[in-house]
Amino acid sequence: MTRFAAVDLGASSGRVMLAELSGGLRLTEAHRFPNGPVRVAGRLHWDILGLYREILAGLRAAGPVSSIGVDSWAVDYGLLDESGALLGNPVHYRDDRTQGVAEHVAAQVGAAALYETSGLQVLPFNTLYQLLADRLDGAATMLLIPDLIGYWLTGELGAEVTNASTTGLLDVRTRAWALPLAERLGLPAGLFPPLRQPGEDAGGLRPDVAAEIGWSAPVRAVASHDTASAVAAVPASGPAFAYISCGTWSLAGVELPGPVLTQESRAANFTNEAGVDGTVRYLRNVMGLWLLQECLRAWPGSDLRELLKAAAGERPFAAVVNPDEPVFLPPGDMPARIAAECRRTGQRPPSSPAAFTRCVLESLALGHRLAVRQAMELSGREVEVVHLVGGGSRNELLCRLTADACELPVVAGPAEATTFGNVLVQARAAGLVSDLEEMRSLVAASEPLRRYEPSGDGAAWREAAARL
Ligand code: ADP
Ligand code: LRH
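Under the working numbering, think of the first position of the sequence shown as 21, with each following residue one higher.
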């Protein structure tokens with residue numbers, strides 16, 4: 021039996037998972053800890069040192085392994101000075117300091133030229149826009165979050181390529197840093213460390229780290245963008261699938277051999293992010309379960325399980341909103357914002373937490389429908405099934421609504437797809453698994469999956485979609 025540790029930092033929780041591979045792949049949770057924005061002097065941050073402390077506690081609890089892989093949410097970073105010290109606390113992508121920056125860059129460089137270079141959707145928080153909003157005085161190196169954690173564990177600098185593809189500064193065709201673009205924007209080329217591929221050696225643990233956790237092991241570069249790991253572990257067979265990696269965000273799209281860089285694709289704000297083995301994750305961000313997480317925060321004492329049960333009995337399509345309205349992006353009173361959006365679109369707002377929950381889940385299912393169907397149309401990829409992975413796959417009502425809305429079967433699970441992807445890249449580097457197809461069949465064999473057939477009531481969903 022071979023053991024691996026996966027550090028997976030999601031926007032709502034972090035975990036250190038222990039994976040045991042002997043025939044099948046068995047995951048156990050060594051340690052889970054909450055994660056979320058911390059507002060300090062008006063600016064939203066991550067509690068990066070707190071997260072690092074929890075990672076060390078998790079590794080200590082996991083015990084010795086053959087290797088360690090680290091993944092996290094995308095786009096955010098820490099800046100290091102010449103001596104390798106962290107300059108300031110990493111800022112959260114939901115912070116508002118990037119307001120107007122994307123528009124400014126589009127005016128300077130041209131939106132079409134930017135898309136032609138990076139293939140990336142425009143989100144206000146892409147690393148490129150954050151860097152332009154930040155003070156870079158004294159900054160020698162920019163490290164995305166998993167690379168920063170890796171640096172603290174090993175002392176080695178690097179930039180893993182799947183996550184680098186979310187910066188807006190990676191060339192989508194060559195998968196090298198787009199240095200001419202960076203320089204044109206006044207970003208020093210030296211900020212960007214050498215790129216690493218998933219599966220490459222990322223260094224050994226520093227002696228002081230090994231002493232603190234009680235054992236040592238090499239760190240392995242994995243698909244360090246959590247969505248890239250999740251997509252690598254979608255339990256699909258063959259190419260005719262769409263995926264929704266559903267947690268704080270829903271990342272919905274298809275896997276392709278190359279990018280789609282058409283004018284239509286740019287207009288639909290589809291992204292071409294780097295996947296493992298040269299694949300392209302052609303997808304769009306849908307606001308995701310953030311909507312529900314923020315509602316729950318506004319209803320202290322509420323219980324998710326009870327709410328979902330009650331929401332299943334609520335009247336269908338009483339109110340739906342476009343989940344991707346920018347007004348939903350920052351933290352704050354989510355029920356009030358949903359109610360305002362209902363009023364703005366001529367609908368009566370929900371009047372109870374159960375009704376809000378129904379509204380959120382139907383709206384999200386509509387967002388899934390739109391993204392999956394557009395991904396199919398824009399890429400020409402045939403899709404027979406939608407794989408829904410991530411924590412959202414535990415939400416049976418959402419899975420059922422998504423199957424109905426997409427008018428396609430949904431296969432739900434695994435909830436910990438990201439960890440599976442993280443570990444399988446490590447297992448492959450150790451020579452225990454061969455290719456993406458074998459990785460995916462191993463996930464399918466290791467985890468119970470649920471299948472939801474569409475209800476056949478597509479007309480009701482088409483009518484609801486037209487309301488948005
Ligand atoms: P992230 O990695 O972005 O932090 P996860 O993939 O861990 O997100 O998903 C977290 C979300 O999954 C929660 O916000 C919740 O909505 C949903 N979820 C987790 N467990 C359950 C459950 N037992 N039932 C329904 N939904 C769940
Ligand atoms: C999901 C995710 C997503 C990014 C967002 C910032 O966790 O990595 O792919 O767009 O966080």
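From the three backbone atoms N, C-alpha and C, an ideal C-beta is built for every residue, glycine too.
For R240, the three-state secondary structure derived from DSSP is strand. Secondary structure of E293 (DSSP, three-state): strand. DSSP, read as helix, strand or coil, puts W172 in helix.
Restricting attention to L417, V254, G321, S285, the CA atom closest to the CA of P434 is found in V254.
If you compare the alpha carbons of L408, D424, D353, G333 with that of L386, the shortest gap goes to D424. Counted as a single uninterrupted DSSP element, the alpha helix (DSSP H) harbouring A464 occupies residues 456-466.
Annotation for W310: T268 place their beta carbon closer than 6 Å to its own, counting only its chain and skipping 5 residues before and after. Within the DSSP bridge table, the entry for M162 names L99 as partners. With a cut-off of 8 Å on Cβ pairs, the region 305-321 is in contact with the region 342-349, counting three or more such pairs. In the DSSP annotation of this structure, the continuous segment of the beta strand (DSSP E) that includes M37 starts and ends at 33-42.
By the neighbour-count criterion, in which a residue is buried when 16 or more other Cβ atoms sit within 10 angstroms of its Cβ, E74 is buried. Ranking V403, T182, A332 by CA distance to the CA of T194 puts T182 first. Taking a C-beta distance under 8 Å as the contact criterion, A395 and A272 qualify as a contact pair. For ligand 1, a non-hydrogen atom lies closer than 7 Å to the CB of Q313.
Along the region 105-132, the alpha helix (DSSP H) occurs as fully enclosed runs of 4 or more residues at 121-129, listed in sequence order. In this structure, the alpha-carbon of R301 lies about 11 Å from that of A250. About 7 Å separates the beta carbons of G412 and S270, which is inside the 8 Å limit, making them a contact pair. In the three-state reduction of the DSSP assignment, N183 falls in the helix class. When DSSP reads this structure, W197 sits in a beta bridge with L190.
In this structure, the beta-carbon distance from V340 to L488 falls below 8 Å. The C-alpha of R204 is placed about 14 Å away from the C-alpha of L151.
One alpha carbon belongs to M307, the other to P343, and they sit about 6 Å apart. Relative to ligand 1, the beta carbon of R414 is positioned inside 7 Å of a heavy atom. Residues of the same chain with a CB within less than 8 Å of the CB of A260, apart from the 5 flanking positions on each side, are R401, E402, V403, E404, V405 in chain order. Under the three-state reduction of DSSP, L152 is assigned to helix.
Distance from the CA of R117 to the CA of R155, rounded to the nearest whole angstrom, comes to 11 Å. Pairing L398 with E275 gives a Cβ-Cβ distance that is not under 8 Å.
Distance from the CA of A432 to the CA of L207, rounded to the nearest whole angstrom, comes to 42 Å.
Residue pairing by DSSP puts H65 in a beta bridge opposite V58, V111. DSSP, reduced to helix, strand and coil, places D167 within a helical segment of the structure shown.
Bounds of the beta strand (DSSP E) holding N305 are 300-306. Our two residues, P277 and V296, have alpha carbons roughly 11 Å apart in a direct line. By the Cβ test, the region 32-49 is in contact with the region 437-454, since at least three Cβ pairs between them sit closer than 8 Å. C-alpha of L71 to C-alpha of N55: approximately 8 Å in a straight line.
In the DSSP assignment, V453 falls outside any alpha helix (DSSP H), carrying neither H nor E. Secondary structure of L469 (DSSP, three-state): coil.
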